[in-house]
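Number of protein chains: 2
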Amino acid sequence: MRSLNDQPEGLGIAAVERDTGLPKDTLRVWERRYGFPRPLRDANGERVYPAEQVDKLRLIRRLLDQGLRPSRIVAATTEELAQMLEAAREAAPAAAPADWGTLLGLMHRQEGAALQRALQQNLLKNGLQRFLTDTLVPLTDAVGQAWLKGELSVAGEHLYTEQVHNVLRGAIANHGAHGGSPSILLTTFPNELHSLGLLMAEALFAPEGAQCTSLGTQTPLADIERAATQGGIDVVALSFSSAYPARQAVDGLNTLRARLPAHIALWAGGHAMREQQRKLPGIRVIADLQDGIAALAEWRAGHPA
Amino acid sequence: MRSLNDQPEGLGIAAVERDTGLPKDTLRVWERRYGFPRPLRDANGERVYPAEQVDKLRLIRRLLDQGLRPSRIVAATTEELAQMLEAAREAAPAAAPADWGTLLGLMHRQEGAALQRALQQNLLKNGLQRFLTDTLVPLTDAVGQAWLKGELSVAGEHLYTEQVHNVLRGAIANHGAHGGSPSILLTTFPNELHSLGLLMAEALFAPEGAQCTSLGTQTPLADIERAATQGGIDVVALSFSSAYPARQAVDGLNTLRARLPAHIALWAGGHAMREQQRKLPGIRVIADLQDGIAALAEWRAGHPA
DNA sequence: GTTTTCATTTTGTCCTGGACAAATTAAGTA
DNA sequence: TACTTAATTTGTCCAGGACAAAATGAAAAC
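Residue numbers (this note's numbering), protein chains in the order written: chain A, 6 to 310; chain B, 6 to 310.
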C-alpha cells in the first residue's frame, strides 16, 4: 500500500490516476509498450511517479482528447508535445465573443460571482434564445480551446461550467409556463458526465412551452425506458458530448429505440451525433440549437392538439 | 471493452465498480476468497454481474460503511443482510419528514415540477438552515434507503437530485451577501460524482457570509492546489459521499494538506469522513451541517478581521 | 480495572505478463 | 468516389501471487 507521505518522492499509481484521469491499467500498459511513463520503485517494488512525469502525462492527455493517438505522442519529448499543442492552436481558431478577454480574466482569477453577473447581464440583454446561440455556444467552445492550449486551468473551466449552470437553471426556473406539450424527458447515457448540453437543451425547449423533465446525467438504459413509459412522456431527448464514443452512442440509441413504444419520439443531440443520422433510423438527430427548435415544430405539426 | 447493451444480461466489472463503489480488484478478490459475488462469464470469459448480485453488493457496501467486516457478511444471504440493515436502522433511526409518502409518490410518477414546488414551499417555511438540516438531510437519506430497498427507481432518484439542485442553486443565488470572509473554495476529488453534498455545503456557508467559490465535482488535486493558492482562498472544503473509498480520500487529503501553504485551512465533509479525523492531522473533519457552522465559527475566532 | 504492547488474522491494493475485442487506419475492390 | 476487408493500435480484463495497513484478540504492565 501507498505511503502517506509521498510528497518528496512522487505519486503512487492511484494518485496519478486521480491526478491525470488515466486508469491504472492504461498507465501500466503504456509503460510496457512505449517505455513511458517510467516510474521509480519504492522499497516494496511499487511504482512511484516523479512530478515531471505526471506533468507530461497531463500534457499527453490533452492531446489525446484532441484526437491524437498514443503511439504518436507518448514517446515524444516534452518540447515536441508543446509543438503539437501549438499546431492544434492554429488549426482550430475559436470564434470568441467580443468580451472574451474580460471573461477569461475572471475565470483565471476565480471570480465566480463576477463571471455569473456578466453572463446574467448578457442573458438579460439578448434574451434566452440568443444568449444560448450567440454567447453560450461560442463561449463554451472558446473555453474548451483555451483549456486545450493551457491558457485556462481545469479550475477555471470548472468555474465557468458552474456559473453557466447557475445562470441557466435560474433562467429555466423563471420562464413561467408549465404543463405544455410535448412532454420531454431529458437525460444522458451512463459514462456521459457532461451536463451542459443537457441544460442548454432544457433552456431551449422549456421557454417554447414544452414540459421538460430532466433526470440529469448517467441514467441507465433500462431506467430511461421505465421512466419514459411510466410518465406519459412524448419525447425522450439524449445529449452526447464530443468525448462520448460514437459507437456506444449509436448502439445504445438503437437499442433504446427498439425498446420504446413507437409513439414516443427519440431525439439525439450533441457534437458526437453530427454525422450519424443514417445509422439511426427512427431517431431524430439534432444538429444544433436551431435544429432543436425545428424538431419541436415538426413534432407539433405531427401531433395537433 | 464494455458494450452499452448490457442491460438485460448484467453489468461488466467496470460498471459494477461505478455502481457500487467497490474497486475492481476488491470484487475479484472477494470472488476468490469468499465465493461471492459469483458473476457469469460472457463469450470472452469476462465477468458479467447479474442485477441481483449487484443489488446484494450494494447492501453489503452499506453494511461495510457501518463497520461490519466482509468475511461476516459477504457469505450471508440477502435476507440476512436485510435483517442486519434493519437492525442497524433501528440503532440509528432516520427521521423521514412528515410528508414523505407524498414526496415519494411525486418521485415515482416523475412529477418534477410538483416536487420542486413542494421543496420550495418547505424552504420558504423553514428558512434555508432548517430546510437543510430538518428536511433535506433526512429526505436524502430516506431517498437513498428507498432506492436500496427497491422502492424507488433510479429515475426517481435522479429526478429528486435534479430538483434539489434547482432549489438549492436558486436559494444560494438569492442570499444576497457577497465578498465576505472567509473565502471558501468548494469541490470534490476526481471519481466523486455526487454534487449534492457540495451544494448543501455551499448553501450552508454562503448565507453565513462566507465567500463561496464552487468548482463543481471532480477537480484534480494539482488544480485544487493551484486554484487555492492563486485565488486568495482561506479555506478549501472538500465533500465526500459515502460511496467514495475512504482510503483514497484520506490519502488525497493528506497529500493536499502537504502541498497547500499552512495558512490555508483544509476541511473535509461527508459521510465517508465520519471517523477519519485521527488519520487526518491538520485537517478539519466536518461531521455534519451543524459542525460546519462550528468550523466556520472556529475559523473566524482564529482570524479576527 | 484500565491501558499498553505484541502477535495474529483479515483485507485492500499492487504486481506481472498474457489475452482479446473494439476502434482506427490502411489497403483493396466495385 | 464509396464501400468492404485486412492489419494495426489501444484500452480493458484476467489469473494468481504478494505484501503492508488495519483490525482483532491475547498477554502484560500500569
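Glycine is no exception: its CB is placed at the ideal position from the N, C-alpha and C atoms.
Open item on the list: Using a Cβ-Cβ cutoff of less than 8 Å, which residues in the same chain neighbour residue 75 of chain A once the five nearest sequence positions on both sides are dropped?
Closed with: 35, 39, 65, 69
Task: residue 159 of chain A: contacting residues in chain B (beta-carbon distance under 7 Å) - done: 224, 225, 228
Open item on the list: Please state whether the Cβ-Cβ distance between residue 203 of chain A and residue 220 of chain A is less than 7 Å.
Closed with: no
TODO: Look at the alpha carbon of residue 172 of chain B and the alpha carbon of residue 124 of chain B, and state the distance between them as a whole number of angstroms.
DONE: 7 Å
Open item on the list: With a threshold of 7 Å on Cβ separation, who are the neighbours of residue 290 of chain A within its own chain once the five nearest residues in sequence on each side are excluded?
Closed with: 273, 278, 281, 282
Open item on the list: I want to verify the contact list: residues of chain A whose CB lies under 8 Å from the CB of residue 194 of chain B, in sequence order.
Closed with: 23
Task: Beta carbon proximity, residue 236 of chain B to chain A, threshold 7 Å - done: yes
Task: Helix, strand or coil at residue 323 of chain B according to DSSP, with G and I counted as helix - done: Since the first residue of chain B shown is 6 and the last is 310, residue 323 of chain B is not available in this structure.
Open item on the list: Using only the alpha-carbon positions, how far apart do residue 119 of chain B and residue 111 of chain B sit?
Closed with: If I take the Cα positions, the gap works out to 7 Å.
Open item on the list: Quick check on residue 302 of chain B: buried or exposed, where buried means 16 or more other Cβ atoms within 10 Å of its Cβ?
Closed with: exposed
- [ ] Within the region 185-234 of chain A, note down every full beta strand (DSSP E) run reaching 3 residues or more, in order along the chain.
- [x] 188-192, 216-219
Task: C-beta neighbour in chain A for residue 164 of chain B, strict 7 Å - done: yes
Task: Contact with chain A by residue 183 of chain B, beta-carbon distance below 7 Å - done: yes
Task: residue 30 of chain B versus residue 48 of chain B: straight-line alpha-carbon distance, rounded - done: 21 Å
Open item on the list: Does residue 54 of chain A come out as helix, strand or coil in the three-state DSSP assignment?
Closed with: strand
Task: Sub-7 Å separation of residue 184 of chain B and residue 235 of chain B beta-carbons - done: no
Task: Cβ neighbour criterion (16 or more within 10 Å) applied to residue 348 of chain A - done: With chain A covering only 6 through 310, there is no way to say anything about residue 348 of chain A.
- [ ] Just the chain A side, please: which residues come within less than 7 Å of residue 171 of chain B by C-beta, in chain order?
- [x] 174, 178
TODO: Under the assumption that residue 288 of chain B contacts residue 238 of chain B (Cβ atoms under 8 Å), give the Cβ distance between them as a whole number of angstroms.
DONE: With a Cβ gap of about 15 Å, residue 288 of chain B and residue 238 of chain B do not count as contacting.
TODO: Could you run through the region 266-298 of chain B and flag, in chain order, every residue whose CB is less than 8 Å away from some CB of chain A?
DONE: none
Task: residue 254 of chain A versus residue 85 of chain A: straight-line alpha-carbon distance, rounded - done: 34 Å
TODO: Determine the chain B residues that contact residue 58 of chain A at a beta-carbon separation under 7 Å, and present them in chain order.
DONE: In chain order: nothing, as chain B lies at least about 13 Å away.
Open item on the list: Excluding the 5 residues flanking residue 148 of chain B on each side, which residues of the same chain have their C-beta closer than 7 Å to its C-beta?
Closed with: 157, 162, 165
Task: Three-state class that DSSP yields for residue 275 of chain A in the structure shown - done: coil
Task: Any chain B beta carbon closer than 7 Å to residue 220 of chain A - done: yes
Task: Residue interval of the alpha helix (DSSP H) (run including residue 43 of chain B) - done: That residue, residue 43 of chain B, is in no alpha helix (DSSP H); it is neither H nor E in DSSP.
Task: Straight-line gap, residue 265 of chain B to residue 250 of chain B (C-alpha atoms, nearest Å) - done: 22 Å
Task: Secondary structure of residue 267 of chain B, DSSP reduced to three states - done: coil
Task: Selected residue, minimal CA-CA separation from residue 194 of chain B, among B:225, B:271, B:28, B:23 - done: B:225
Open item on the list: Per the DSSP calculation, residue 16 of chain A is bridged to which residue(s)?
Closed with: A:54
Task: Residue from B:263, B:77, B:200, B:106 whose Cα sits closest to the Cα of residue 41 of chain B - done: B:77
Open item on the list: Taking 7 Å as the threshold (beta carbon to beta carbon), is residue 231 of chain A in contact with chain B?
Closed with: For residue 231 of chain A, at least one C-beta of chain B is nearer than 7 Å to its own C-beta.
- [ ] May I ask you to check if the CB of residue 146 of chain B is nearer than 6 Å to at least one heavy atom of the ligand ATP?
- [x] As for the ligand ATP, it is missing from this structure, which has no ligand bound.
Task: Cross-strand partners of residue 289 of chain B (DSSP beta bridge) - done: B:272
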